[in-house]
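Asker: These protein sequences, in sequence, are chains A and B.
Numbering (numbering that gives the first Met the number 0) for the first sequence: 0 to 373.
Numbering (numbering that gives the first Met the number 0) for the second sequence: 0 to 406.
Ideal Cβ placement from N, Cα and C applies to all residues, glycine included.
Nothing here was measured: the structure is a model prediction, and the numbers come from that model.
The structure under discussion is supplied below as structure tokens; questions concerning it will follow.
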Amino acid sequence: MSLHHPLPPATVELQQPRLHALVIGVAHYPHLLGGDPAAMARDPLSLGQISTPQHTARAIAGWLTTRYANHACPLGSVELLVSTPGGNADGTEAATADNIENAVGRWFTRCSSHPKNIAFFYYCGHGLEKGAQFLLPEDFGNPAIVDPWKNCIDLDRFRAGLRASLQAEALFCFVDACRETPFSMLTQVNVSGRPLVGGNGFGTALSTNGLYNAAASSRQAYGPATEPTYFAQALLKCLEGVASTNDGTAWVVDANSIDAGLTKMLRYYGDRVGQSLKPQTDVMGSTVLHESGRGLVLASVGCATAQASQCAEIELTRGAVSHRAVMTDPKPFERELAPGDWDVRIRFPNGEFPDSQAMTFTLLPGVWQGVPYP
Amino acid sequence: MPVVFVHGVNTRKSSPSYEAGRLTIERFLQHSLAGVTLDGKTLPAGFTVHFPYWGDLATSFAWNMQALPGPDVDALGTGGVDGDTRELVALIRDALGPGARVDEPLVGLARYQFATAVDVLCDTVLQHPQGLPPAEVAEFVVAAQLYALQFAAQAGPPWMTTVQTDAQFIGQLTAAVTTATPGLNALGLLGSIGSALQAGVQRIKQAVGGAKTKLIDRAGDFASTRALAWGREPLNGVLGRFFGDVFIYLNSRGTAQAPGPIPRLILDEWDAARADAPHEPFIVVAHSLGGVISWDLMTHDRPGVDVDLFVSIGSQVSHFEEMKLFRNSDPAVPGNDLSRRAVKPAHIRRWINVFDEVDIFSYACARVFADVSDFRYDTHTYVIKAHGAYFTQARFYERLRARIDQL
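This is the structure we're talking about:
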């Protein structure tokens, strides 16, 4: 059983609007490189073992059960599948193709139980692209199966099926995977995957349909080996307020603001880790996903040159709130700030450069990198 | 004084493999020659390798070698075995033996000789880098070759016992030699080299499969694979460019007082290299016609400049001396006494000459020159492939270093 929340399953609310989530993390590929040598795929496609998806899936599921808030559509259920080399001590199901297909069936049914429901899908693991996008469950490439693509998910057809068949208000689909095309995949004519959900109609019940890819076409997604992926970290920061908007009554995160927030956050993480992190999204609609209750500015403050940053003291002030970095603190100086007007002062205690006057910046939720001084 | 590598014929920057090949040589030389000490001077780690590039000053063909005989009719369908891969096909077919399955030729070759399979793969990706940055290609080639070196006397690494397909072979090899960023997962391929290797495998498969159906089976004689390798077509272009470059050099080399464009370019690089690192040994490594040119320059244009070590590889120095084509050749030697040897000038302190008996452009020197160490090296390749194969094989550099340490 892959139901992570609530337990027992009979307590899942189906009569009221709810968010129903399916979260998948594949951190064990026995048929790919570094897996079981005796059961390796005939063509492992130069794909190896990865560990970040297990941390990602659990972080996303953990956030949903502890931080998610939406008074119009509270949390209804979380299905969680995680594949790890040693299995899961807590009984969480492995993310095999069959387990995913069964979990999708349960998730789909719950999502369609009320027209105001939100469907939340998060996948983290290996991904490929050849015309369509493909997601790879744990047992992808099993050499005991004649069709090497049998244990594969066709994301495009999956989404097409959801668009046509899902009876819900909104679908948020997060795909935390690479989108490369290995040369040997190009030479195969029978590349395919399971659509998981049928339906061919042109109409849709969804007023919001968002696809958020961690990687643009032909690019890679990355994550630290022992932490969630950068995409997941960026998403969680967005939900915590970096992607918040305020209509005058409340801070909320909606389908469009996530789109803009992810791009900024991934550029920020990419600069920090020296990787090009390029998300690609396709969003229709603006359903509110989360009531964050606040806006959040990720401020990264240094001087115009590294030399000046090294010998600078930086002070950020807003009313009675002040943050200060002395010369020996690492630069850029990073703080999470509330949106609003902030005064920034740069001082050089040893006189290498003239001290700045107070510079006032109006900071909005998102990532802010300053300042052009001296 | 650092190392200068003087390239040979058929070297053009316009080739897609030029830069990756140059970087491969640079990295192998830096890896294998660091620490070499000659007359108290030591090559430090990370020493500079100078590459005087004279290819653009060499021959060009007004009709782009249209005079070469070739097929006048296009094949309607796959073309079978092209000239570039004929030797490769022959090598693999010979390794697999008559009647062997060719569905997975690399694995078959690797089971027979692991290092040779790595050679084939490296050569293929060097010749067809698929648009990859040259540094990535060179990094893979050097890493794969050094990895294979560990298993030279064995059947290969332990994972060879479970590998069934060429795709598994390149995957396992890539995983073994790719240096991932510590602590970082990419949710996709193990490095960008993967697709280039997969393309190389497809190329090899098509070539071997094509040979099977279009040539070997038709002849009904497995020995025809050797005939394939010795066929005229792949030789034509190489020979044409070789003689073209020779004529250009001989016609335009000038004099010590007024050196021609090729000598001037190389001499300027030598002088710069020596000035940059005066406390390092000055080592000239020269390939093919580069060895001939270097000998001519060392003995005629720079007779007073000490060269701590001269390494000629796949070169024709002795052949040109027999024809008395060097400007300081002594026509009186050997005269009627064939035991007499031409003199190696004292300012060329040491000389190692490397040849492969299969490389038709390489010559031994010890029966023509005095005071030279001939070094026979088997590239385990065929004819023309042998001429350039030295520089992509880690075992070549390993043995060269051993020879240098014996001097």
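Just verifying my parser: in three-state terms, what is the DSSP assignment at C177 of chain A?
Answerer: Here the question's residue 177 of chain A lines up with position 178 in the first sequence. Of the three classes helix, strand and coil, the one that applies to C177 of chain A here is coil, per DSSP.
Asker: So, is the C-beta of S223 of chain B closer than 8 Å to a C-beta in chain A?
Answerer: Stepping through the second sequence from its first residue, residue 223 of chain B is reached at position 224. In this prediction, S223 of chain B has a pLDDT of 41, which is less than 50 and means its spatial position is unreliable; what the coordinates show is noted afterwards. Answer no: the Cβ-Cβ gap between S223 of chain B and chain A never drops below 8 Å.
Asker: Is the CB-CB distance between L205 of chain A and A167 of chain A below 8 Å?
Answerer: Translated into positions along the first sequence, residue 205 of chain A becomes position 206. Translated into positions along the first sequence, residue 167 of chain A becomes position 168. Result yes, Cβ atoms of L205 of chain A and A167 of chain A sit closer than 8 Å.
Asker: Kindly list the residues whose CB is nearer than 6 Å to the CB of K323 of chain B, restricted to its own chain and excluding five residues on each side of it in sequence; keep chain order.
Answerer: Here the question's residue 323 of chain B lines up with position 324 in the second sequence. Cβ within range, chain order: P330.
Asker: Please name the residues in the stretch 322–337 of chain A whose beta-carbon is closer than 7 Å to at least one beta-carbon of chain B, in chain order.
Answerer: Listed by position, the residues of the stretch 322–337 of chain A near chain B (Cβ gap below 7 Å) amount to none.
Asker: Determine which residues of the stretch 218–238 of chain A have a Cβ less than 8 Å from any Cβ of chain B, and write them out in chain order.
Answerer: Here the close residues are Q219, A220, Y221, G222, P223, A224, T225, T228.
Asker: Please report whether the beta-carbon of H125 of chain A lies at a distance below 8 Å from any beta-carbon of chain B.
Answerer: Residue mapping note: residue 125 of chain A aligns to position 126 of the first sequence, counting from 1. Yes, H125 of chain A counts as interfacial toward chain B.
Asker: Could you name the residues of the stretch 184–195 of chain B whose beta carbon sits closer than 7 Å to any beta carbon of chain A, in the order they occur along the chain?
Answerer: Listed in sequence order: N184, A185, L186, G187, L188, L189, G193, S194.
Asker: On a CA-only basis, which of A:P43, A:L63, A:L46, A:W341 is nearest E290 of chain A? Give me that one, please.
Answerer: On the first sequence, position 291 is the one that residue 290 of chain A refers to. Answer by Cα proximity: A:L63.
Asker: With a threshold of 8 Å between beta carbons, is E179 of chain A in contact with chain B?
Answerer: As a position in the first sequence, residue 179 of chain A is number 180, starting the count at 1. Output row for E179 of chain A: interface = yes.
Asker: Quick check: the Cα distance between L145 of chain B and T83 of chain A, rounded to an integer number of angstroms?
Answerer: Position 146 of the second sequence, counted from the start, is the residue given in the question as residue 145 of chain B. Position 84 of the first sequence, counted from the start, is the residue given in the question as residue 83 of chain A. Their backbone Cα atoms lie some 33 Å apart in a straight line.
Asker: Look at I49 of chain A and I99 of chain A and say whether their C-beta atoms are less than 8 Å apart.
Answerer: If you number the first sequence from 1, residue 49 of chain A lands on position 50. If you number the first sequence from 1, residue 99 of chain A lands on position 100. No, Cβ-Cβ distance for I49 of chain A and I99 of chain A is not below 8 Å.
Asker: Is there contact between the stretch 133–147 of chain B and the stretch 160–177 of chain B, where contact requires at least three CB pairs shorter than 8 Å?
Answerer: With a cut-off of 8 Å, the stretch 160–177 of chain B and the stretch 133–147 of chain B count as touching, because enough Cβ pairs lie within range.
Asker: Determine the closest residue to E351 of chain A out of A:E314, A:A307, A:Q368, with distance taken between C-alpha atoms.
Answerer: If you number the first sequence from 1, residue 351 of chain A lands on position 352. Of the listed residues, the one whose Cα sits closest to E351 of chain A is A:A307.
Asker: If the cut-off is 8 Å on Cβ atoms, which residues from the stretch 163–184 of chain B count as contacting chain A, listed in chain order?
Answerer: From the stretch 163–184 of chain B, only Q163, T164, A166, Q167, I169, G170, Q171, T173, A174, G182, L183, N184 have a Cβ closer than 8 Å to chain A.
Asker: Tell me which residue opens and which closes the alpha helix (DSSP H) that I169 of chain B is part of.
Answerer: What you label residue 169 of chain B is simply residue 170 of the second sequence in a count that begins at 1. Note, I169 of chain B: alpha helix (DSSP H), 165–176.
Asker: Tell me whether the beta-carbon of T228 of chain A lies closer than 8 Å to the beta-carbon of A242 of chain A.
Answerer: Stepping through the first sequence from its first residue, residue 228 of chain A is reached at position 229. Stepping through the first sequence from its first residue, residue 242 of chain A is reached at position 243. Contact flag unset, no.
Asker: For the structure I just gave you, are there three or more beta carbon pairs, one from the stretch 109–124 of chain A and one from the stretch 172–191 of chain A, closer than 8 Å?
Answerer: As far as the Cβ criterion goes, the stretch 109–124 of chain A touches the stretch 172–191 of chain A, which means the pair count is three or higher.
Asker: Counting contacts by CB-CB distance shorter than 8 Å, is A198 of chain B in contact with chain A?
Answerer: Your numbering for residue 198 of chain B matches position 199 in the second sequence. By this cut-off, A198 of chain B is an interface position.
Asker: Name the DSSP bridge partner or partners of P223 of chain A?
Answerer: For the purposes of this step, residue 223 of chain A is taken as residue 224 along the first sequence, with counting starting at 1. In DSSP, P223 of chain A forms a bridge with B:L183.
Asker: In three-state terms, what does DSSP make of V3 of chain B?
Answerer: Numbered from its first residue, the second sequence carries residue 3 of chain B at position 4. Strand at V3 of chain B.
Asker: What first and last residue would you give for the alpha helix (DSSP H) that runs through I24 of chain B?
Answerer: The sequence position of residue 24 of chain B within the second sequence is 25, counting from 1. Looking at the DSSP string, the run of the alpha helix (DSSP H) that includes I24 of chain B is 17–32.
Asker: Does W158 of chain B have its Cβ less than 8 Å from a Cβ in chain A?
Answerer: By 1-based counting over the second sequence, the position of residue 158 of chain B is 159. Yes, contact with chain A.
Asker: For L6 of chain A, which residues from the same chain have a beta carbon less than 6 Å from its beta carbon, with the 5 sequence-adjacent residues on both sides left out?
Answerer: Reading the first sequence from its first residue, position 7 is the one you call residue 6 of chain A. Same-chain partners within the cutoff: there are none.
Asker: Measure the alpha-carbon distance for L276 of chain A versus G126 of chain A and round it to whole angstroms.
Answerer: Locating residue 276 of chain A in the first sequence gives position 277, where the first residue counts as 1. Locating residue 126 of chain A in the first sequence gives position 127, where the first residue counts as 1. Going by the C-alpha atoms only, they are around 15 Å apart.
Asker: Thinking C-beta only, is L296 of chain B closer than 8 Å to I265 of chain B?
Answerer: Numbered from 1 along the second sequence, position 266 holds the residue referred to as residue 265 of chain B. Numbered from 1 along the second sequence, position 297 holds the residue referred to as residue 296 of chain B. Contact: yes.
Asker: Work out the CA separation of D270 of chain B and F246 of chain B for me, nearest whole Å.
Answerer: Position 247 of the second sequence holds residue 246 of chain B. Position 271 of the second sequence holds residue 270 of chain B. For F246 of chain B and D270 of chain B, the distance between alpha carbons rounds to 26 Å.
Asker: Mind listing which residues of the stretch 115–141 of chain B have their C-beta closer than 8 Å to chain D's C-betas, in chain order?
Answerer: Given the protein chain composition of this structure (A and B), no chain D is represented.
Asker: Where do the N-terminal and C-terminal ends of the beta strand (DSSP E) with D281 of chain A fall, by residue?
Answerer: The count along the first sequence starts at 1 and reaches residue 281 of chain A at position 282. Run containing D281 of chain A: 279–283, per the beta strand (DSSP E) assignment.
Asker: Going by C-alpha to C-alpha distance, which of B:P181, B:L183, B:G193, B:A179 sits closest to D165 of chain B?
Answerer: Taking the first residue of the second sequence as position 1, residue 165 of chain B is located at position 166. Selected option, being the one with the closest Cα: B:G193.
Asker: Can you look up F182 of chain A in the DSSP assignment and give me helix, strand or coil?
Answerer: Numbered from its first residue, the first sequence carries residue 182 of chain A at position 183. If DSSP states are grouped into helix, strand and coil, F182 of chain A belongs with the helices.
Asker: Should M0 of chain A be labelled buried (16 or more other beta-carbon atoms within 10 Å of its own) or exposed?
Answerer: Within the first sequence, residue 0 of chain A is the residue found at index 1, counting from 1. So M0 of chain A counts as exposed.
Asker: In the DSSP assignment, find the alpha helix (DSSP H) that holds H54 of chain A and state where it starts and stops.
Answerer: Taking the first residue of the first sequence as position 1, residue 54 of chain A is located at position 55. Element bounds for H54 of chain A: 51–65.
Asker: Are the stretch 352–370 of chain B and the stretch 311–322 of chain B touching by the rule of at least three beta carbon pairs closer than 8 Å?
Answerer: Yes: at least three Cβ pairs fall under 8 Å.
Asker: My output table needs one value for N98 of chain A: the three-state DSSP class, helix, strand or coil.
Answerer: The sequence position of residue 98 of chain A within the first sequence is 99, counting from 1. If DSSP states are grouped into helix, strand and coil, N98 of chain A belongs with the helices.
Asker: Around the C-beta of R158 of chain A, are 16 or more other C-beta atoms found within 10 angstroms, so that it is buried, or is it exposed?
Answerer: Residue numbering aside, residue 158 of chain A sits at position 159 when the first sequence is read from its first letter. By the neighbour-count rule (16 or more Cβ atoms within 10 Å), R158 of chain A is buried.
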